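Data first, discussion second: the structure below is written as structure tokens.
2 protein chains.
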Amino acid sequence: MSTPLPTTRPARADARRNYDLLVSAAREAFAEHGTDTSLEEIARRAGVGIGTLYRRFPNRTALLEAVYVDEIQSVCDRAYGYAEKLGPYDALAAWLRSFVGYSISKKSLAGELTVALGKDSEFFTACKVNVREAGELLLNAAKKEGTVREELQLMDILRLVGGITMGRDMDRDQAERLLEIVLAGLKPTADESPSPA
Amino acid sequence: MSTPLPTTRPARADARRNYDLLVSAAREAFAEHGTDTSLEEIARRAGVGIGTLYRRFPNRTALLEAVYVDEIQSVCDRAYGYAEKLGPYDALAAWLRSFVGYSISKKSLAGELTVALGKDSEFFTACKVNVREAGELLLNAAKKEGTVREELQLMDILRLVGGITMGRDMDRDQAERLLEIVLAGLKPTADESPSPA
DNA sequence: TACGATACGGAGGCTACCTCCGCTTTTTCA
DNA sequence: TGAAAAAGCGGAGGTAGCCTCCGTATCGTA
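Chains P and A supply the protein sequences, listed in that same order. For the record, in the first sequence the residue sitting at position 51 is 51 according to my numbering, with numbers rising by one throughout. To convert a position in the second sequence, counted from 1, into my numbering, add 1000.
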């Protein structure tokens, strides 16, 4: 259903241990202080030299990638979950809502993700493939049902929703109102809906 | 119609000259390389010592403020222009479109601006007042006309539109598609529109 | 023109990013 | 099992950006 995302967990025992320590430390630090925590701080938290961090993760993005693998997997998984439990439109709405709610709590994760989705790295291509596959399942079902306009593109919707979370001090209520506008914007207008479900 | 925004252009001739040099240099640099251009680079461009920059603009935000004054004024002015020339809904749409188009060409300026509008500095409060006044003129007219839902809030719409421009490499076409979704989301749905204009 | 007020500029302290390389640990294999 | 090879470790140190401080220069005025 979804191809596994590429990670490069090292082979040697000590290296693998440090890799895990770093990823956990980064995950915590990013959640606590946002994604601009200094890499030295993360190395310190992990109890590891800065050189070790940089050997494994040549730049901040590489570390973000490793942290985001799980999150992205769970974003995709949720899509399939909603697809099973809810009707097409509701599933799409729920997925997008979870996207926003989640990333608010995780300090702009989806925002960073959305920015990154524009990039061409191997990693993000793989992510994009997975997210696309999951999202398009929902989107196409909703289109088929006639509750979402045919001409809309998944990546446009995701970027818009991702943009919601980019604001510095967005609270949950406002995010919900913004999402509500987007959701309303997906629906066919009265004059073009072919046959209301 | 709109209260002038506060600027603190200095009194002495040499200081005033440097102030202007810095603001121009910053404006160019921000447009060329984005708003995270280093302040030393800007001082260099202006042919001025870094100390001079920092005396006048105690931090990056202060410099952004000075650069944005004109832009914000022009954003507001455009609102009044559209209000005169176009019907309520079209005026609102045109205004939002200009907002996006402008910030695409000027890198993430409007994005930063939108984020900043959330802040509480004296300056940004003044901006918010002006933008609000201008935007609400358009929004209320459109609501009255019945082409935009009553319950929508200007700041929500602006944040959503601002979010569009935050993506790293957003092209004009995609931005236009995203805006189109937002605009569709403003309209009353078939079952709640009281009396179509 | 002379003097007080104002402004200039860059050295330098701080922090973060990232590289490099001598030393240590793990793995392999005879 | 022990020693060589492979892999990994860590932090010193180079670079760059942020910002402050203060000795020197310029401006405005009387």
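The beta carbon of each residue, even a glycine, is placed where N, CA and C say it ideally should be. Quantities reported herein were computed from a predicted structural model and do not represent experimental measurements.
Residues near residue i in its chain [Cβ-Cβ closer than 6 angstroms; skip 5 each side]
i               : result
V1129 (chain A) : none
P188 (chain P)  : R149
K143 (chain P)  : E150
I1072 (chain A) : C1127
G1049 (chain A) : none
Residue i (DSSP reduced to helix, strand or coil)
i               : result
D77 (chain P)   : helix
A1011 (chain A) : coil
P1188 (chain A) : coil
F99 (chain P)   : helix
R1017 (chain A) : helix
E1180 (chain A) : helix
E41 (chain P)   : helix
T1052 (chain A) : helix
V67 (chain P)   : helix
V148 (chain P)  : coil
L86 (chain P)   : coil
T125 (chain P)  : helix
T1061 (chain A) : helix
M170 (chain P)  : coil
D156 (chain P)  : helix
G1162 (chain A) : helix
G1047 (chain A) : coil
Anticipated Cβ contact below 8 angstroms, residue i with residue j, distance rounded
i               : j               : result
L186 (chain P)  : V131 (chain P)  : Contact doesn't hold; Cβ gap of about 17 angstroms is too wide.
A66 (chain P)   : T7 (chain P)    : 6 angstroms
L160 (chain P)  : V182 (chain P)  : 6 angstroms
P88 (chain P)   : E180 (chain P)  : Not really, about 18 angstroms apart at Cβ, beyond 8 angstroms.
A1094 (chain A) : L1086 (chain A) : 6 angstroms
L39 (chain P)   : R60 (chain P)   : 6 angstroms
A1029 (chain A) : R1045 (chain A) : 6 angstroms
A1257 (chain A) : A1184 (chain A) : With chain A covering 1001 to 1197 only, the question about residue 1257 (chain A) has no answer from this structure.
Closest Cα partner of residue i within the set the options
i               : options                            : result
D169 (chain P)  : A:G1163, A:R1172, A:D1171, A:Q1174 : A:G1163
E1176 (chain A) : A:P1188, A:E1136, A:V1100          : A:V1100
D1014 (chain A) : A:G1047, A:D1090, A:C1127          : A:G1047
A1026 (chain A) : A:L1063, A:L1092, A:Q1174, A:T1165 : A:L1063
D156 (chain P)  : A:D1171, A:A1142, A:L1178          : A:L1178
Y68 (chain P)   : P:L92, P:D171, P:F124              : P:F124
D70 (chain P)   : P:G51, P:S24, P:T165               : P:S24
L1021 (chain A) : A:D1171, A:R1172, A:T1052, A:D1090 : A:T1052
G34 (chain P)   : P:M166, P:D173, P:R172, P:Q174     : P:M166
Neighbourhood of residue i by C-beta distance below 7 angstroms, restricted to the same chain and skipping five residues each side
i             : result
Y19 (chain P) : R9, P10, R56
Proximal residues to residue i (C-beta, below 8 angstroms), its chain only, five neighbours per side dropped
i               : result
L1154 (chain A) : R1132, G1135, E1136, L1139
C76 (chain P)   : S2, N130, V131, E133, A134
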